[in-house]
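Per the UniProt record's numbering, the sequence shown starts with residue 1, numbered consecutively. Below: one structure, written as structure tokens.
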Amino acid sequence: MSERYDQFKWIGQIDEEAKLIRNFVVNHSTAFTIYNKYSKLKLLGVTETRFASTLILVKSALQRMVIDESWRFYREEDSQKVQKIKEILVSDLWWDNVEYLLDFSEPIVSMLRVADTDTPMLHLVYEKWDSMIEEIRKRVFRHEKKNTLTDESKFYDEMHEVLVRRWNKSSTPLHCLAHSLNPKYYSNEWLSEGIGRIPPNLDEEISEGRNACFERLFSSVTMLRKVREEYGKFSAAIGNFGRWEALSERYTINPLAWWGNHGSNAPTLASLAFRVLGQPCSSSCCERNWSTFGMISSIKRNRLTSQRAEDLVYVHSNLRLLSRVDEHYVEGPSKYWDAVGDEFNLEGPSDLQFANLSLDDPVLESMNFEDDEMPNTTVDLDSIPEENIENQIDGSN
């Protein structure tokens with residue numbers, strides 16, 4: 001691990017020690033038998049984040065295991081490893097670190113779990129992100145017994161840097177547009193809930209993303225001017241948007257219901273709000289390259305170097321993008337094969353507008369389509385001539 005992440009070294013050590021404990025218990029019949037005497041919960045080989053939670057659930061059973069009378073039979077078999085495992089499991093400091101890891105990572109896991117659903121969540125991403133950062137900050141400073149207003153934390157600073165880089169990579173202008181069209185974020189109640197909160201129309205980053213979406217969705221100068229005028233009235237509470245009913249309900253009712261009740265004097269913006277505020281968000285776009293990597297790094301190609309595998313992922317992604325300029329991509333039974341499922345209707349002009357935006361621009365990377373409805377399209381990389389792959393790789397360097 002590089003010096004840049006020195007503050008995170010203890011997390012990697014906990015991960016290695018947790019895997020050591022799990023593998024030892026599962027792979028040694030005597031240890032597994034002793035463990036089962038005290039717990040019916042299994043030590044599953046699941047992801048690291050979930051495994052840490054599992055450790056807490058079986059903490060008592062693991063500690064009882066290493067002080068059981070039968071545990072002494074391991075002293076002669078592999079005394080060094082057995083002693084290390086016992087020292088780890090009876091260490092209060094080690095368990096405190098595990099609980100701390102779970103504590104500050106819980107807001108991250110909670111946000112991912114809430115966001116990766118089928119319910120409309122796109123307009124809540126910005127707020128969830130800010131709340132997540134603030135909650136992590138509180139938990140880290142509380143653990144370090146520091147004041148959030150006057151003190152500093154190197155651990156939190158490095159963590160914040162990592163999270164911001166991930167946000168900059170994954171966020172799109174659509175998040176800005178959806179945030180801007182939620183009336184809740186203009187209400188006095190929401191603005192007074194946190195320090196430094198401002199309405200979306202006064203936020204520079206959100207305004208840039210919103211304007212990028214407007215310009216992309218409305219190519220006509222007349223329509224672009226109209227939607228901007230309607231947004232100005234909405235954000236400044238002018239006309240019907242300034243009525244008492246509209247102002248009092250911005251914070252209390254569902255944003256789609258609010259637009260249904262008060263959006264009649266801004267038909268263009270209201271139509272856009274209904275489409276955007278009803279969109280879910282998903283982490284599937286972040287998983288796309290990993291799925292491609294899994295297809296490439298198969299049993300037949302398990303001797304590929306890491307750089308070679310990365311190059312092949314790059315080539316495959318480029319081939320997918322190049323396929324979009326082919327005439328068969330926009331017509332026929334396989335049109336838009338990499339964007340939507342078989343049963344998704346793209347015949348309406350409204351849907352085609354969003355599909356074209358998604359295909360040309362990363363703006364709509366967060367638009368969610370059910371993975372289980374995606375056509376089973378595969379590419380046999382072994383059938384691609386070697387010189388074609390080499391040309392693609394040379395072009396990437």
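Glycine is no exception: its CB is placed at the ideal position from the N, C-alpha and C atoms. In this text the structure is predicted, and so the values were computed from the model without any measurement.
Secondary structure of residue i, DSSP reduced to three states
| i | result |
| --- | --- |
| Asp15 | helix |
| Asp116 | strand |
| Val221 | helix |
| Asp151 | coil |
| Glu331 | coil |
| His316 | helix |
| Asp326 | coil |
| Glu373 | Per-residue confidence for Glu373 stands at a pLDDT of 39, beneath the threshold of 50, marking its modelled position as unreliable; no derived number is given. |
Residue burial classification, residue i (beta-carbon count within 10 angstroms, cutoff 16)
| i | result |
| --- | --- |
| Ile34 | buried |
| Pro267 | exposed |
| Met223 | exposed |
| Ser79 | exposed |
| Glu189 | exposed |
| Asp157 | exposed |
| Leu177 | buried |
| residue 415 | Since the first and last residues shown for the chain are 1 and 397, residue 415 lies out of range. |
| Lys145 | exposed |
| Ser235 | buried |
| Ile133 | buried |
| Trp259 | buried |
| Glu230 | buried |
| His328 | exposed |
| Ile206 | buried |
| Val276 | buried |
| Gly194 | exposed |
| Asn182 | buried |
| Leu149 | exposed |
| Leu122 | buried |
| Asp93 | According to the sequence as given, residue 93 is Leu; it is not Asp. Counting Cβ neighbours within 10 Å, Leu93 comes out exposed, since fewer than 16 surround it. |
| Leu124 | buried |
| Arg243 | exposed |
| Glu210 | Checking the sequence, you will find Arg at residue 210 rather than Glu. The residue in question, Arg210, is buried, as its Cβ has 16 or more Cβ neighbours within 10 Å. |
| Lys154 | exposed |
Separation of residue j from residue i, as counted between CA atoms
| i | j | result |
| --- | --- | --- |
| Ser180 | Arg166 | 22 Å |
| Phe141 | Glu135 | 10 Å |
| Ile88 | Asp130 | 36 Å |
| Tyr251 | Lys128 | 16 Å |
| Gly278 | Lys81 | 55 Å |
| Ser358 | His175 | Since pLDDT at Ser358 reaches only 37, below the 50 mark, its modelled position is unreliable, and the value read off the structure follows with that caveat. Straight-line Cα distance between these residues: approximately 14 Å. |
| Lys86 | Thr172 | 48 Å |
| Lys84 | Ile14 | 13 Å |
| Arg22 | Gln63 | 13 Å |
| residue 398 | Ser60 | Limits of the chain in this structure are 1 at one end and 397 at the other, which puts residue 398 out of reach. |
| Glu245 | Pro200 | 21 Å |
| Val162 | Arg72 | 44 Å |
| Phe218 | Val313 | 34 Å |
| Ala270 | Asn147 | 44 Å |
| Trp10 | Asp96 | 12 Å |
| Lys233 | Leu322 | 42 Å |
| Glu249 | Ser105 | 34 Å |
| Val325 | Ala212 | 23 Å |
| Asn36 | Leu20 | 18 Å |
| Leu101 | His160 | 15 Å |
| Val109 | Val221 | 43 Å |
| Asp116 | Pro255 | 20 Å |
| Lys169 | Leu247 | 35 Å |
| Lys184 | Asp203 | 15 Å |
| Met111 | Ser70 | 44 Å |
Assumed close pair residue i, residue j - CB separation to whole angstroms, cut-off 8 Å
| i | j | result |
| --- | --- | --- |
| Arg228 | Phe214 | 6 Å |
| Val25 | Ala31 | 5 Å |
| Pro280 | Asp68 | The pair is not a contact, with the Cβ atoms about 49 Å apart (cut-off 8 Å). |
| Val90 | Val66 | 7 Å |
Taking only runs that begin and end inside the stretch 65 to 147, name each unbroken alpha helix (DSSP H) of 4 or more residues, in chain order.
Here the runs fully enclosed are 79 to 89, 92 to 115 and 125 to 143.
Those runs of the alpha helix (DSSP H) which lie wholly inside the stretch 229 to 281 and span at least 4 residues:
244 to 248, 255 to 262 and 267 to 277, all fully within the stretch 229 to 281.
Length-filtered (4 minimum) alpha helix (DSSP H) runs lying within the stretch 151 to 203
For the stretch 151 to 203, the continuous alpha helix (DSSP H) assignments of 4+ residues that do not extend past its boundaries occur at 154 to 170, 173 to 180 and 188 to 191, in sequence order.
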